Structure formats: C-alpha cells, structure tokens
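S.K.:
There are 2 protein chains.
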Amino acid sequence: MRVEIWSDIACPWCYVGKARFEKALAAFPHRDQVEVVHRSFELDPGRAKGDIQPVITMLTKKYGMSEAQAQAGEDNLGTQAAAEGLAYRSRGRDHGSTFDMHRLLHLAKEHGRQGELIQLLYEANFAEERSVFDDGERLVEIATTAGLDPEEVRAVLADPTAYADDVRADEREAAQLGANGVPFFVLDRKYGVSGAQPAEVFTRALSEAWGERSPLQLLDQDGDGGDTCGPDNCAVPSRP
Amino acid sequence: MRVEIWSDIACPWCYVGKARFEKALAAFPHRDQVEVVHRSFELDPGRAKGDIQPVITMLTKKYGMSEAQAQAGEDNLGTQAAAEGLAYRSRGRDHGSTFDMHRLLHLAKEHGRQGELIQLLYEANFAEERSVFDDGERLVEIATTAGLDPEEVRAVLADPTAYADDVRADEREAAQLGANGVPFFVLDRKYGVSGAQPAEVFTRALSEAWGERSPLQLLDQDGDGGDTCGPDNCAVPSRP
Chain A
139 MRVEIWSDIA CPWCYVGKAR FEKALAAFPH RDQVEVVHRS FELDPGRAKG DIQPVITMLT
199 KKYGMSEAQA QAGEDNLGTQ AAAEGLAYRS RGRDHGSTFD MHRLLHLAKE HGRQGELIQL
259 LYEANFAEER SVFDDGERLV EIATTAGLDP EEVRAVLADP TAYADDVRAD EREAAQLGAN
319 GVPFFVLDRK YGVSGAQPAE VFTRALSEAW GERSPLQLLD QDGDGGDTCG PDNCAVPSRP
Chain B
139 MRVEIWSDIA CPWCYVGKAR FEKALAAFPH RDQVEVVHRS FELDPGRAKG DIQPVITMLT
199 KKYGMSEAQA QAGEDNLGTQ AAAEGLAYRS RGRDHGSTFD MHRLLHLAKE HGRQGELIQL
259 LYEANFAEER SVFDDGERLV EIATTAGLDP EEVRAVLADP TAYADDVRAD EREAAQLGAN
319 GVPFFVLDRK YGVSGAQPAE VFTRALSEAW GERSPLQLLD QDGDGGDTCG PDNCAVPSRP
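Chains as they are written, first to last, in the numbering used here: chain A, 139 to 378; chain B, 139 to 378.
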C-alpha cells in the first residue's frame, strides 16, 4: 500500500499532521507494507528565492491580519505542535521560498532518504533558531545529516533546473487530485485525507484502504494469458 | 500513475515483455507521469547460491524435457527476443539463484538506479557470454556500470540478510495479487497484465488505467475538513 503526502516545509499543519499520521501508522498492523512518499506543494510558489520575511510580517502584509492576530495563530500552532510532542518556535521564525527544499526532497527520494530529510527540514524550520532560508549552506548541512552527499546537494542547489520539473509535476498532480491546501494524504490513489486530522482518522483511512485493496482487473489480448515463466517452466500458452 | 513489474532475471519472457511494455510506454502521451517500479519474483527460490547448471540441463532434469525440446524452446525465445530487437544467446547459458540480484535491485531502487540495473542484468544474463552466476565480482561490475557504489554493492553481497526481507515481501505481495508466473504488470494496483503480451495490450492497459484514475474518496472525522494551510493562510476551520 502506498501513502503519498503532499506538503510544504513552510506549512505548520503539515508538520503537525505528519506526526499524527505517523502515530496512526506506527500502530497499524500492516505498517511494514506501507510505503510513504512525500510530494511537493508550495504554499507561496510566487516568492522569489531571496525574499525572506519574518512570518508575522508576512501574515500581516499578505493577509491583512493584525500583528496580535498573527501572533495568536502562531501561539495556537505551538500548542497543537506541543500536544504531538513537537518543538515549535512560535516567535521569530522566517518565511521564504521552499522551492530549493522541494528540489532536494526529490534528490533525497532517489537515495531513499526522503523521510529523513523532510523531518529534519521541518524541525529546522519550526524548532531551530537558525533560519533555513538564510543561505544554501544551511540546507547542505541538513541534507548531509539526512544522509545525502554534500557535493551532490551543492550541485543541485547550484542548478535551479535540477528536479524543478519533478516539483512542478507534483504540484500539478495535487491540483488534479483536488488538493487546495496541505497536508493532503492520498492512500493508494483511492482515499484522501485533507488536513492535519486526528490520528484516528488516519487509522481509519489506513484500515479502509487496506481492506479494500481491490482485486486486479486483468487485461489480456485474447483471454489466454500472455507468455510467462512460472515454477513449471516458461510455457507458451497454446493460441487458437 | 505507477506501474509495478514483477519479474525474475532468469525469466526470458520477462526480458521480452519488458521491451514490449517499454515500446508502449514510449508512445504513451502521459509517459512522464508514469513511475515504473521493479518487484522481485524468483522462479526457482529453492536453488542454493552455488548451484549452477547449464539452462538446457536444468530444463531436462527439472521438467523431464528431452534435450531437443529444451533447445527448441530456447530457439523460440531467441526468435521472440530478436523480434523486439533484443540479443539472445540461445545456447550455453547458465541457470542459478537470482536472489542476490534481487537484493541488489532493492539497493538500486534506493539510489534511483533500478531501471538501469535490471536492464544490464537482463542483457548480461541473456546476451553476454560471461555468466552472471559465476561470482559476486561479475555482479559488482554490472551494478557499478548501473551507477552504484562498488563498495556498497560488495557490502550487500557479503551480507545475505541485506534487503532479503524486501525480496520476500515482494514475493508475498505477488502471491496476494494472484501472480503465478512472471512477468506480471500492475497498473495503479487496479489493472494487471500477466505475461509478455503484445505492446498493444500494454498501450490499452496504460490508457484505461490513466482514464480511470478515480476521484479520491475523502475521509474526514466530522465533515468539516482538517486543519490545512493553503494559499489563503493556515486557516483553522471552525468546529461545532
């Protein structure tokens, strides 16, 4: 079974929702047969690479909130995160483009390190003092901790086209699947869970998707099966 | 869309079927959105690592064929392979355990090199004079050509438990999906194609699976959506 999770590193509910999903997954009896894939979704795709602002400033400028409203939202997120055992720095975080991080997550996927990298990126962005947006070397450091090769990471960061198409393809697919916001969880392309729902919702989604793994519909040219090899030799079915 | 292909390196129809599938895929308009994953299936799982025989001998001993029947089967496979533009050495090939190759294919998957490695293994087994079963160094050479790190490959070969569970999990899943022989193609866990069918069957399977990508069924605790971040901020839906 495969679970795809569309999310953005700059999305606090993605950070919280991932923890809730993982709580459900850890208790799921068939967890060893569940493959998790992280997909790209930028909340602020128009933001230029060097355009960095404090989160509170961004919230007041972009959404017309008062500073108190913006801070209250951050404080609420800190409470929700703490309830999942997650550190959350509700004051002084920065906001910026996450495009490079998504490109690195695609590199990490090729090396089987995507799960490690996304968790470290969340923790760096939401819990650590040093901004993930400061310079590329911060990302090199995080990606290296996740098990990637620093030279390969630097090469990807230096080439803005590297994995760019993969990020865009994920984003197009999110739109096709009807995701307007993130996190967005998709189980076997059959069930969707939108948002940081309680762990019980993920438990139910995992169980239902598991139970309804449908029998395959076999396609065949002439109904006699194709040429296969099996335990009894490589038989060529007799054709009419 | 995801296509999973269960196959064995020792399976001639897998080699031929892969070429037919790839012909269909190359002409499929949405090919850039198709992910191909190779899954393990051993035709001869009971065979010990050092137990190597000429293919013709294996066919006569294991299936009670005459030598002429076995050779005629190989010659037919050579003809089918040639029709797909594939080299096939229908005389003098060896048969042996493919377990180590499947373990390496799982290593290659983690490095995004699975497609390269499986093709090189097929070509080495079916078209090249030097046996892939001779010793581990032949596999190291092939895996290195596929882009893997030789030291990492040697470490996996030296540890028979490395990726062994992944191979077994693939094989269990093949049985659950109803595959008795290989190649076995599964599209989005919805459509199956058994055997080296003509390219047109794969074309139809790709089109049908693409067209029937079903809308997701959204699961939700109380019908008001979960907490998400979207282009309009990280809104917390009002709960009753």
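No residue lacks a Cβ here, since even glycine has one placed at the ideal position from N, Cα and C.
Fair warning: this is a prediction, and the values are worked out from it, not measured in the lab.
Between Val141/B and Phe323/B, which are expected to be in contact by the criterion C-beta below 8 Å, what is the C-beta distance as a whole number of angstroms?
M.R.: Val141/B to Phe323/B, Cβ: 6 Å. Contact.
S.K.: For the candidate residues Leu255/B, Gly216/B, Asp232/B, Thr283/B, whose alpha-carbon lies nearest to that of Tyr226/B?
M.R.: Minimum Cα distance to Tyr226/B is reached at Gly216/B.
S.K.: Tell whether a beta-carbon distance below 8 Å holds between Asn371/B and Gly368/A.
M.R.: Contact flag unset, no.
S.K.: Going by alpha carbons, who is nearest to Trp144/A out of Lys161/A, Leu163/A, Phe166/A, Arg177/A?
M.R.: Closest option to Trp144/A, Cα to Cα, is Arg177/A.
S.K.: Going by C-alpha distance, which of Asp365/A, Cys152/A, Gly364/A is nearest Gln257/A?
M.R.: Taking only the C-alpha atoms, the option nearest Gln257/A is Cys152/A.
S.K.: Cβ of Arg158/A within 8 Å of Cβ of Ala281/A?
M.R.: Not in contact: Arg158/A and Ala281/A (Cβ atoms no closer than 8 Å).
S.K.: Checking contacts by CB at 8 Å: is Trp144/A closer than that to chain B?
M.R.: So no, Trp144/A is outside the interface.
S.K.: Could you tell me which of Ala343/B, Lys161/B, Leu181/B, Asp238/B sits nearest to Ala313/B, measuring between CA atoms?
M.R.: When only C-alpha atoms are compared, the closest one is Leu181/B.
S.K.: Starting from Phe178/A and walking both ways along the beta strand (DSSP E), at which residues does that stretch end?
M.R.: Strictly speaking, residue 178/A in this sequence is Ser, with Phe absent from that position. That run of the beta strand (DSSP E) goes 173 to 178.
S.K.: Going by DSSP, what residue range makes up the beta strand (DSSP E) through Arg140/B?
M.R.: Residues 140 to 145.
S.K.: For the region 243 to 252 of chain A and the region 243 to 256 of chain B, state whether three or more C-beta atom pairs, one from each stretch, are separated by less than 8 Å.
M.R.: The region 243 to 252 of chain A is in contact with the region 243 to 256 of chain B.
S.K.: Leaving out the 5 sequence neighbours to the left and right, which residues in its chain are closer than 7 Å to Arg306/B when beta-carbon positions are compared?
M.R.: Here the set comprises nothing.
S.K.: Who are the Cβ neighbours of Gln209/B in its own chain at under 8 Å, not counting the five residues just before and after it?
M.R.: Once the five neighbours on either side are set aside, the close Cβ partners of Gln209/B are Ile194, Ser228, Arg229.
S.K.: Applying the criterion that 16 or more other CB atoms from any shown protein chain within 10 Å of the CB defines a buried residue, is Thr366/B buried or exposed?
M.R.: Looking at its Cβ environment, which holds 16 or more other Cβ atoms inside 10 Å, Thr366/B is buried.
S.K.: Which of helix, strand or coil does DSSP assign to Asn214/B?
M.R.: If DSSP states are grouped into helix, strand and coil, Asn214/B belongs with the helices.
S.K.: Are the beta-carbon atoms of Arg342/B and Ala300/B separated by less than 8 Å?
M.R.: No. Outside cutoff.
S.K.: What residues in its chain sit with their C-beta under 8 Å from that of Gln171/A, if we drop five residues either side in the sequence?
M.R.: Answer for Gln171/A: Met139, listed in chain order.
S.K.: Out of curiosity, what's the CA-to-CA distance linking Arg292/B and Asp273/A?
M.R.: Taking the straight line from one Cα to the other gives about 37 Å.
S.K.: 8 Å is my cut-off, CB to CB: does Gln207/A come that close to chain B?
M.R.: It does not; no Cβ of chain B falls within 8 Å.
S.K.: Quick one: what's Asp232/B bridged to in DSSP?
M.R.: Paired residue(s): Pro192/B.
S.K.: In whole angstroms, what separates the C-alpha of Lys161/B from that of Asp303/B?
M.R.: Straight-line Cα distance between these residues: approximately 32 Å.
S.K.: Interface residues of chain B around Trp151/A at Cβ under 8 Å?
M.R.: Within 8 Å Cβ-Cβ: Gly364, Asp365, Thr366, Cys367, Cys372.
S.K.: So, at 8 Å on beta carbons, what are the nonlocal neighbours of Glu222/A in its own chain, with the 5 sequence-adjacent residues on each side left out?
M.R.: Contacts found: Val154, Ala157, Arg158, Lys161.
S.K.: If contacts are defined as beta-carbon pairs under 8 Å, then Glu311/A and Tyr329/A qualify, I think. What distance do you get, rounded to the angstrom?
M.R.: About 16 Å separates the two Cβ atoms, so there is no contact after all.
S.K.: Using three-state DSSP, classify Asn371/B as helix, strand or coil.
M.R.: Here Asn371/B sits in strand by DSSP.
S.K.: Hey, quick one: how far does the beta strand (DSSP E) through Tyr260/A stretch, first residue to last?
M.R.: Note, Tyr260/A: premise wrong, no beta strand (DSSP E); alpha helix (DSSP H) at 252 to 265.
S.K.: Exposed or buried, which one is Gly285/A when buried takes at least 16 other CB atoms within 10 Å?
M.R.: It counts as exposed.
S.K.: Under 7 Å between beta-carbons, which chain B residues line up against Leu318/A? List them in chain order, please.
M.R.: Per the sequence shown, residue 318/A should be read as Asn rather than Leu. Per Cβ cutoff of 7 Å: Gly368.
S.K.: Can you name, in chain order, every residue of its own chain whose Cβ lies under 6 Å from the Cβ of Val174/A, other than the five neighbours on each side?
M.R.: Counting only Cβ-Cβ distances below 6 Å, and skipping sequence neighbours, we find Val141.
S.K.: If you draw a straight line from the C-alpha of His233/B to the C-alpha of Asp297/B, how long is it?
M.R.: Rounded to whole angstroms, His233/B to Asp297/B spans 22 Å at the Cα level.
S.K.: Identify the contact partners of Tyr301/A in chain B, using a Cβ-Cβ distance below 8 Å as the criterion.
M.R.: Residues of chain B passing the Cβ test: none, with the nearest at roughly 11 Å.
S.K.: Does the CB of Pro378/A have a neighbour CB from chain B at under 8 Å?
M.R.: The predicted model places Pro378/A with a pLDDT of 35, which falls under 50 and marks its position as unreliable, so this point remains unresolved.
S.K.: Apply the 10 Å Cβ neighbour rule to Ser352/A and answer buried if 16 or more other Cβ atoms are within range, or exposed otherwise.
M.R.: That one is exposed.
S.K.: For a test of the three-state rule: what should DSSP assign to Leu356/B, helix, strand or coil?
M.R.: It is a strand residue.
S.K.: How far does the beta strand (DSSP E) with Ser332/A in it extend, from its first residue to its last?
M.R.: That run of the beta strand (DSSP E) goes 329 to 332.
S.K.: Would you kindly work out how many angstroms separate the C-alpha atoms of Asp238/B and Leu295/B, rounded to a whole number?
M.R.: Cα to Cα, Asp238/B sits roughly 7 Å from Leu295/B.
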